[in-house]
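Trainee: The opening position of the sequence shown corresponds to residue 1 in UniProt numbering, with each subsequent residue numbered one higher. Heads up, the beta-carbon is just placed ideally off N, CA and C, and yes, glycines get one too.
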Amino acid sequence: MRDLTQCRADIDRVDNAILELIKERLGIAVDIAQNKLNAGRPIVDKEREQAKLAALCSRAEDIGIPPSMVSKLFRKIMDDTVSYEQTFVMQQCNDQSLERNTAIAYLGKTPGTYSHLAAMRFLQDFGGSKAFHGFSAFEEVISAVESGQCEYGVLPIENSSSGGINDVLDLLQLTKASIVGEVFYQIKHSVLALPGVSLSDIKTIYSHPQPITQCSRWLKSELPDVSVVYTNSTSEAMQLVSQKGDRTCAAIACEDSAELYHLTPLASDLANNKRNFTRFIVISMTPVKVPAPLKAKTSLLFTTKKYTPGSLIAVLNEFSSRGLNLTKLNSRPREFAEAETWEEIFLADIEANLDTALMQEIIEHLKDLTGYLKILGCYPNQEHTK
1 MRDLTQCRAD
11 IDRVDNAILE
21 LIKERLGIAV
31 DIAQNKLNAG
41 RPIVDKEREQ
51 AKLAALCSRA
61 EDIGIPPSMV
71 SKLFRKIMDD
81 TVSYEQTFVM
91 QQCNDQSLER
101 NTAIAYLGKT
111 PGTYSHLAAM
121 RFLQDFGGSK
131 AFHGFSAFEE
141 VISAVESGQC
151 EYGVLPIENS
161 SSGGINDVLD
171 LLQLTKASIV
181 GEVFYQIKHS
191 VLALPGVSLS
201 DIKTIYSHPQ
211 PITQCSRWLK
221 SELPDVSVVY
231 TNSTSEAMQL
241 VSQKGDRTCA
251 AIACEDSAEL
261 YHLTPLASDL
271 ANNKRNFTRF
281 IVISMTPVKV
291 PAPLKAKTSL
301 LFTTKKYTPG
311 SLIAVLNEFS
321 SRGLNLTKLN
331 SRPREFAEAE
341 TWEEIFLADI
351 EANLDTALMQ
361 EIIEHLKDLT
371 GYLKILGCYP
381 NQEHTK
């Protein structure tokens, strides 16, 4: 039998071999992506993935490896490989390099916010250096992009528990930046406190307003008398709890970031909706084109024609009559409306590529059917990958 030192050395050798094989796999994936781009074939091939996963699990069972382990491992490898292929195809189509240096803005002056985690996920397949810049407000994130300080900015736009994030929806009316991507991030809120603290000790909770709303039922049930203090971000909440050293204080934030602030979880998975996702949009001053192998989404802002019955239905019929699906339709008061009272502006997300002849025809029709029309951007559709 090998001793512990030899076992660890052998594990290190095997792990290094696995890394080299993953590197080789990604190189092959780039060639696959290039072939699909040249042929106009979809990057995602669910039928092929399912067949391959079944074959791997069968092979694992034959050689004495738990199929559940293999299924989980290779599902992650396949998902990340598809993500890598999609990023490669996008860069190729937009004359960009995966290896370029990139700066991205997110909400939160300190690391560990959900926006920071979403920014990291968006750039996970980029090479080169990555600079992450945190800001205290949504407006500052947009300003960093508009000024050229950052190439990208990440903004939360909607959550499966609390709905649309109105501050961001309003800012989209004013910015000159385009939406160039989206990230769906599963949100798992936890109560984080100093080591050794019990839930019964907590008198004050710090967090951003969104997590407080999303965890309202748990708070009412488990901590009905707690005082809530709102912060600009979940990372600010964690930092405050860590710096105060007060054992009666806790933060509601992401458990993945707890170690950054030397906090420990007291309770986890607190959201009203257990499948709690936040959709983040990625903005840039440089619009992107989405190549044919990728599913695309187009976002529009529009107002209906004043005092015209059925004007909203007429706009929506432009999409439904052509078999196009809307994944989002929100209305907000229009910023700086010239109306006597106010005017509603609509945000629509359509599962379609702006560069197709069909969408260009629809856009021309919408110019006649709307009072105001703004194209926010066309970008890869991640709706079915969350």
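Would you report the Cα separation of F135 and F346, rounded to the nearest angstrom?
Mentor: Computed Cα separation, rounded: 28 Å.
Trainee: Please identify the residue among T113, I22, M78 and P195 whose C-alpha is closest to the C-alpha of D45.
Mentor: The shortest Cα separation from D45 among T113, I22, M78 and P195 belongs to M78.
Trainee: Report all residues from its chain with a CB closer than 8 Å to the CB of Y307; omit the five preceding and five following residues, and keep chain order.
Mentor: For Y307, where only same-chain residues beyond five positions count, there are no Cβ hits under 8 Å.
Trainee: When you compare only the Cα positions, how much space is there between N101 and G127?
Mentor: In a straight line, the C-alpha of N101 is about 8 Å away from that of G127.
Trainee: F88 lies in the alpha helix (DSSP H); which residues open and close that run?
Mentor: Run containing F88: P67 to C93, per the alpha helix (DSSP H) assignment.
Trainee: Just to confirm the assignment, what range does the beta strand (DSSP E) spanning K297 have?
Mentor: Start and end: A296 to T304.
Trainee: For P224, is the classification buried or exposed, using 16 other Cβ atoms within 10 angstroms of its Cβ as the cut-off for buried?
Mentor: Counting Cβ neighbours within 10 Å, P224 comes out exposed, since fewer than 16 surround it.
Trainee: Determine the contact status of T370 and F319, defining contact as a CB-CB distance below 8 Å.
Mentor: It is not a contact, given that the beta carbons lie outside the stated cut-off.
Trainee: Since Y152 is in the beta strand (DSSP E), which residue starts that stretch and which ends it?
Mentor: Y152 to N159 is the extent of the beta strand (DSSP E) around Y152.
Trainee: Run through DSSP, which three-state label would L354 get?
Mentor: Reduced to three states, the DSSP call for L354 is coil.
Trainee: Can you tell me whether M69 is buried or exposed, with buried defined as 16 or more other CB within 10 angstroms of its CB?
Mentor: The residue in question, M69, is exposed, as its Cβ has fewer than 16 Cβ neighbours within 10 Å.
Trainee: Any idea which residues DSSP pairs G163 with across the strands?
Mentor: DSSP output for G163 lists N159 as bridge partner(s).
Trainee: Can you say whether R322 is buried or exposed, counting buried as having 16 or more other CB atoms within 10 angstroms of its CB?
Mentor: Flag for R322 reads exposed.
Trainee: Relative to the C-alpha of K176, which candidate in S147, F184 and Y261 has its C-alpha closest?
Mentor: Of the listed residues, the one whose Cα sits closest to K176 is S147.
Trainee: Looking at the strands, I want to know which residues DSSP matches up with H208.
Mentor: Answer is none; H208 lacks a bridge partner.
Trainee: Give me the residue from A267, R121 and Y206 with the minimum Cα distance to S221.
Mentor: Nearest C-alpha to S221: A267.
Trainee: Name the two residues that bound the continuous beta strand (DSSP E) containing K130.
Mentor: Note, K130: beta strand (DSSP E), K130 to F135.
Trainee: So, does the region 157-168 touch the region 105-124, judging by three or more C-beta pairs under 8 Å?
Mentor: The region 157-168 is not in contact with the region 105-124.
Trainee: Taking 6 Å as the limit between beta carbons, can you name the residues of its chain near L173, skipping five residues before and five after?
Mentor: Per the sequence shown, the amino acid found at residue 173 is Gln instead of Leu. So the list reads E335, once near-sequence residues are dropped.
Trainee: Excluding the 5 residues flanking E85 on each side, which residues of the same chain have their C-beta closer than 6 Å to its C-beta?
Mentor: Correct list, in chain order: A29, A33 and I43.
Trainee: C249 and V241: beta carbons closer than 8 Å?
Mentor: Yes, these two residues count as a Cβ contact at 8 Å.
Trainee: In chain order, which continuous runs of the alpha helix (DSSP H) of length 4 or greater are located wholly inside the region 207-241?
Mentor: Qualifying alpha helix (DSSP H) stretches, in chain order: 209-214 and 216-222.
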